[in-house]
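First comes the structure, then the notes that go with it.
In the working numbering, the protein residues as written are 563 to 678.
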């Protein structure tokens, strides 16, 4: 499974970005998908998850601002990020976990920088 993440960039505080992740080489609907991030000097943390059944989970720090979604027909998972804050600055990673075997795959990361 290969994961191609895109959509990162530089944005001012209060702005929005939309990240996309396109897995290839697999049956996308059989995977739980998630976005993680790693900020400067911080550990990688879960931002949002959407299961194969489309149940969503969010980190408290992003609830109400970020929305994760998936389109199984287009093999795409997206993270809509609104009301961005400087503390959202991080490399964002797409993650896929096969829902039966729990084997995990990672994308290469996309940098989001939020200026104050």
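Virtual Cβ for every residue (Gly too), placed ideally from N, Cα, C.
Where the beta strand (DSSP E) containing residue i begins and where it ends
i           : result
residue 616 : First-last for residue 616: undefined, no H or E at that position.
residue 639 : 638-643
residue 665 : Counting along the chain, residue 665 falls outside any beta strand (DSSP E), and DSSP gives it neither H nor E.
residue 567 : 564-568
residue 571 : 571-574
residue 678 : From DSSP, residue 678 is part of no beta strand (DSSP E); its letter is neither H nor E.
For residue i, three-class secondary structure by DSSP
i           : result
residue 649 : helix
residue 591 : helix
residue 627 : coil
residue 578 : coil
One or two residues paired with residue i in a DSSP bridge
i           : result
residue 657 : 596, 668
residue 607 : 599
residue 633 : 638
Rounded C-alpha distance that separates residue i from residue j
i           : j           : result
residue 648 : residue 573 : 9 Å
residue 673 : residue 596 : 16 Å
Proximity test, residue i beta-carbon vs the ligand FAD heavy atom, cut-off 7 Å
i           : result
residue 663 : As presented, the structure is devoid of all ligands, the ligand FAD included, so that no description of it is given.
Problem set entry | Touch test, the segment 603-616 against the segment 663-675, Cβ-Cβ under 8 Å, three pairs minimum | no
Exercise. With contact counted as at least three CB pairs below 8 Å, one residue from each stretch, are the segment 635-652 and the segment 563-575 in contact?
Worked result: yes
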